[in-house]
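Notes to accompany the following structure.
Number of protein chains: 2
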Amino acid sequence: MTENRQIIIDSLPKGRLEPGNYALRTVEAPVPGDGEVLCRTLAITIGAGQRAGLQGSASYAGAPRAGMVMGGTAVARVEASNDGGAPVGSLVVCPAGWQDYSVHQAAKVRIVDERGGSGGDPAHHLGVYGTNGLTAYFGLFDVGEPREGQTVLVSAAAGSVGHLVGQMAKIAGCRVVGVAGGEAKCRLLTEELGFDAAVDYKSPNFRLEFKEALPERIDIYFDNTGGEVLGGALRRMKVGGRIVCCGVVSQYDTSNPAPGPRGVPGLLINFRVRMEGFLVFDYAKRYPEAWGRMREWVEAGKLVPKQDVFEGLEKAPEAFVDLLAGGNVGTRIVRVAS
Amino acid sequence: MTENRQIIIDSLPKGRLEPGNYALRTVEAPVPGDGEVLCRTLAITIGAGQRAGLQGSASYAGAPRAGMVMGGTAVARVEASNDGGAPVGSLVVCPAGWQDYSVHQAAKVRIVDERGGSGGDPAHHLGVYGTNGLTAYFGLFDVGEPREGQTVLVSAAAGSVGHLVGQMAKIAGCRVVGVAGGEAKCRLLTEELGFDAAVDYKSPNFRLEFKEALPERIDIYFDNTGGEVLGGALRRMKVGGRIVCCGVVSQYDTSNPAPGPRGVPGLLINFRVRMEGFLVFDYAKRYPEAWGRMREWVEAGKLVPKQDVFEGLEKAPEAFVDLLAGGNVGTRIVRVAS
Chain B
1 MTENRQIIID
11 SLPKGRLEPG
21 NYALRTVEAP
31 VPGDGEVLCR
41 TLAITIGAGQ
51 RAGLQGSASY
61 AGAPRAGMVM
71 GGTAVARVEA
81 SNDGGAPVGS
91 LVVCPAGWQD
101 YSVHQAAKVR
111 IVDERGGSGG
121 DPAHHLGVYG
131 TNGLTAYFGL
141 FDVGEPREGQ
151 TVLVSAAAGS
161 VGHLVGQMAK
171 IAGCRVVGVA
181 GGEAKCRLLT
191 EELGFDAAVD
201 YKSPNFRLEF
211 KEALPERIDI
221 YFDNTGGEVL
231 GGALRRMKVG
241 GRIVCCGVVS
251 QYDTSNPAPG
261 PRGVPGLLIN
271 FRVRMEGFLV
281 FDYAKRYPEA
291 WGRMREWVEA
301 GKLVPKQDVF
311 EGLEKAPEAF
321 VDLLAGGNVG
331 TRIVRVAS
Chain C
1001 MTENRQIIID
1011 SLPKGRLEPG
1021 NYALRTVEAP
1031 VPGDGEVLCR
1041 TLAITIGAGQ
1051 RAGLQGSASY
1061 AGAPRAGMVM
1071 GGTAVARVEA
1081 SNDGGAPVGS
1091 LVVCPAGWQD
1101 YSVHQAAKVR
1111 IVDERGGSGG
1121 DPAHHLGVYG
1131 TNGLTAYFGL
1141 FDVGEPREGQ
1151 TVLVSAAAGS
1161 VGHLVGQMAK
1171 IAGCRVVGVA
1181 GGEAKCRLLT
1191 EELGFDAAVD
1201 YKSPNFRLEF
1211 KEALPERIDI
1221 YFDNTGGEVL
1231 GGALRRMKVG
1241 GRIVCCGVVS
1251 QYDTSNPAPG
1261 PRGVPGLLIN
1271 FRVRMEGFLV
1281 FDYAKRYPEA
1291 WGRMREWVEA
1301 GKLVPKQDVF
1311 EGLEKAPEAF
1321 VDLLAGGNVG
1331 TRIVRVAS
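Listed below in structure tokens is the structure:
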């Protein structure tokens, strides 16, 4: 028998998520049926949006319940196969969840190349070539519609999506301002990732610094957080500006989300602003376009994907709690096996 | 000397607007200079958006102050002219304010035809052919983009803009649901103006009735109110729906507007909703297109413009306060002279 470690939801969080909301158990690995494959998890990615599902209310992330294996996307290796389309040894991306082994219909896993992009790390399929990169790409280019010389503001700018959005906006010829928590992240944005300015939302002078970083106001606000940064951005939008609603990380880690920002809808009218939500899955048919362009940018050194790694499946709850507290830089990865 | 009655802002309102915030004074009528015309006010229109300016904060309506003549758009007759382009006797639309006489540069008044549309009433230049009709037209067709068979929800549906939006959405082949205050308004919408359903927001069963009136959810919400109706609409949008942000009447008559609705931006993401503010003035170059189409609809009996008239300049403050309390059906007009 092959052992399969699983991290299950022990209880839904009341208030902030804690590692104690999860429990580790060991069961027997599943056996693939007709047309199925057995996948060995190599690495899992964790995104803040998964916290929304744990609120028990409507969310695109579905409705996890106590007793279930925690969901999550992984890169994995096919260890047993009953389908010629995904032979043993294939590297795949699949919704494995937080466990060592999972079984999927072969048609539902996506076979990916070994290189994992130019970085040579399969985990890039969970970052720049995964949901994060695709979200940045379609949110910025299709919803935001940047034009050269415009000002783009990004919140959670050192985060999994934000750090890619900012770099893509620079590729589009925009002036890019990031909002992030803490001086270290802000330095990373301006010194390593090419942002024109970065503002620390934890600074006591945040409001003033925010205003000073945006002397020409905002054409596009790529909103990963909602909350106070959204409220501040609404007051500094340019006439005809766009707000790309991508995530609401400021409101995920609670059972009682705050009301919406003042200024909705009043300031949307005054500044003729378009505020638009999107989900990357709606763009699935165009993923190859995005993968092609992102790979070019990565290989040319124009787009630098960052990863932030925890080692070991048992660290996943801690990695998630830390992410919600703003601990990550780039895509949070939990390595499970090599 | 010609007497000019003026209604001035005596004090900016704290809390709700009251007639006592205004005072009547009589001064000498102004004399037009070079290139100017003297206009005799015939009728004024009052819109809820004017209340926003009295909050003293940023608003498209500008910043009125105590001691100023209250602003407002009027139809007027040119009584003296120093410009051949606008001869004595011309019927014009101009920003007269709440007074009998005003002077304007001739180039800044708009000469309109005597018929005032098929209704034969010059005051229609303040309603269906004025800002209200143009706002309904460009907001619905350009921002909302209705398609046949879609469901359109309108708030303040018996109001100056709303009653035209709903009828235009019917012309576009949509199913139209209105939200209005009181049974009488709701009956007007369904029995006279062709709405498919109307929901009374003052009903104790409002939430249930709102839900039942929208079994197929909402493609387009034309939002004149913000507040609770916006909150309710956000929860019932269809994937890919549009929210046209036109006004925030629920938040105008106060010095302390409420926070924005829960669900912004979270529900915008889940339902991939586009929420967009607009100001009709941005469409000025296309007004002739709208006038042409609206006149056709009015003359064909497909678009029925409603007016709601107070007689006498001195009634303007009362007419405004009543409007803010939801008293009007259609465009509120104050007749000053004939």
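Residue numbers (this note's numbering), protein chains in the order written: chain B, 1 to 338; chain C, 1001 to 1338. No residue lacks a Cβ here, since even glycine has one placed at the ideal position from N, Cα and C.
Residue i in three-state terms, based on DSSP
i	result
SER1250/C	helix
ARG1110/C	strand
CYS186/B	helix
ALA86/B	coil
THR1151/C	strand
GLN307/B	strand
GLY1181/C	coil
LEU1038/C	strand
ASP1322/C	helix
ALA1058/C	Its pLDDT being 47, under 50, ALA1058/C is placed unreliably in this model, and the value from its coordinates should be taken loosely. Residue state, collapsed to three classes: coil.
ALA1316/C	helix
ALA169/B	helix
ALA1198/C	strand
THR340/B	Beyond the ends of chain B as shown, which are 1 and 338, falls residue 340/B; an answer cannot be given.
GLU1145/C	coil
GLU18/B	coil
ARG1293/C	helix
ARG1207/C	helix
VAL298/B	helix
ARG1175/C	strand
Proximity test, Cβ basis, 8 Å: residue i and chain B
i	result
VAL1264/C	yes
LEU1038/C	no
VAL1027/C	no
GLY1010/C	For clarity, residue 1010/C is Asp in the given sequence; the question names Gly instead. No - not a single Cβ of chain B is within 8 Å of the one on ASP1010/C.
ARG1274/C	yes
PHE1271/C	yes
GLY1301/C	no
LEU1164/C	no
GLY1260/C	yes
GLY1226/C	yes
ASP1282/C	yes
PRO1257/C	yes
LEU1323/C	no
Cβ neighbour criterion (16 or more within 10 Å) applied to residue i
i	result
VAL93/B	buried
ARG25/B	exposed
GLY226/B	buried
ALA1074/C	buried
ASN419/B	Residue 419/B falls outside the range modelled here, since chain B spans only 1 to 338, and no answer is possible.
ASN270/B	buried
PHE1320/C	buried
SER11/B	exposed
ASN1328/C	buried
ALA123/B	buried
ARG1272/C	buried
ARG1332/C	buried
Closer than 8 Å to chain C by CB, residue i
i	result
GLN251/B	yes
GLY241/B	no
CYS245/B	yes
ILE171/B	no
ALA58/B	Confidence is the limiting factor: at ALA58/B the pLDDT is only 47, short of 50, which leaves the residue's position unreliable, though a coordinate-based value still follows. Yes - at least one Cβ of chain C is within 8 Å of the one on ALA58/B.
PHE210/B	no
LEU126/B	no
VAL248/B	yes
ASP223/B	yes
ASP142/B	no
Residue i beta carbon near the ligand SAH (any heavy atom closer than 7 Å)
i	result
THR254/B	Inclusion of the ligand SAH in the displayed structure is not the case, the ligand content being empty and no account of it being possible.
Residue i - partner residues in DSSP beta bridges
i	result
ASN1004/C	VAL1027/C
GLN105/B	GLU36/B
LEU91/B	ARG77/B
THR1045/C	ILE1333/C
VAL1128/C	BP columns for VAL1128/C are empty, so no partner.
VAL69/B	ILE8/B
C-beta neighbour in chain E for residue i, strict 8 Å
i	result
GLY277/B	Among the protein chains of the structure shown, namely B and C, there is no chain E.
Any alpha helix (DSSP H) of 4 or more consecutive residues that is wholly inside the segment 1210–1287 of chain C:
1227–1234, 1266–1270
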